[in-house]
């Protein structure tokens with residue numbers, strides 16, 4: 519898979535799950551949206567960067 523396709527798929531996945539997280543937090547009447555967003559960012563950003571790096575590595 520080429521890097522632009524992988525970046526597009528990773529972006530779509532991250533946006534989808536971020537939307538689900540925000541929607542669930544807003545419906546739950548909880549004031550913990552900031553905490554949830556920070557947790558999401560702490561997991562999604564390093565994971566996304568790792569996946570992007572792995573997608574761009576040349577195959578052996």
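Numbering (this note's numbering), first residue to last: 519 to 578.
Glycine residues also receive a C-beta, built at the ideal position from the N, C-alpha and C atoms.
Taking Cβ positions, are residue i and residue j nearer each other than 9 angstroms?
i	j	result
residue 573	residue 524	yes
CA-CA distance, residue i and residue j?
i	j	result
residue 528	residue 569	8 angstroms
residue 540	residue 567	22 angstroms
residue 565	residue 530	14 angstroms
residue 552	residue 571	28 angstroms
residue 543	residue 526	26 angstroms
residue 547	residue 554	13 angstroms
What residue range is occupied by the uninterrupted alpha helix (DSSP H) comprising residue i?
i	result
residue 554	551–574
Closer than 8 angstroms is the cut-off here; do at least three beta carbon pairs connect the region 524–543 with the region 557–572? yes
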